[in-house]
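J.: Please read through the structure below; I'll follow up with questions.
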């Protein structure tokens, strides 16, 4: 795992975007503004044959789903 001291910031202006590989160690930095919020959008792509180990939807009872 990389050290914090080795991190290289990617400072973006409003409207900018960055594209990285999922294998890249990455994180969102701290919001240093006092009265502003920061909005982000994450879009992730993967190959169709990759599947999660568990079906998380099966953990929600059908009765609960009907009430949503």
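Numbering (this note's numbering), first residue to last: 934 to 1001.
For every residue, glycine included, the Cβ atom is placed at its ideal position computed from N, Cα and C.
None of these values were measured; they are calculated from a predicted model.
(1) How would you write the range of the alpha helix (DSSP H) that residue 947 sits in, first residue to last?
(2) Rounded to whole angstroms, what is the Cα-Cα separation between residue 936 and residue 956?
(3) Kindly indicate which residue of 986, 990, 951, 965 has the alpha-carbon position closest to the one of residue 973.
T.: So, from the listed chains and residues:
(1) Careful: residue 947 lies outside any alpha helix (DSSP H) and carries neither H nor E.
(2) 16 angstroms
(3) Ranked by Cα distance from residue 973, the options 986, 990, 951, 965 are led by 951.
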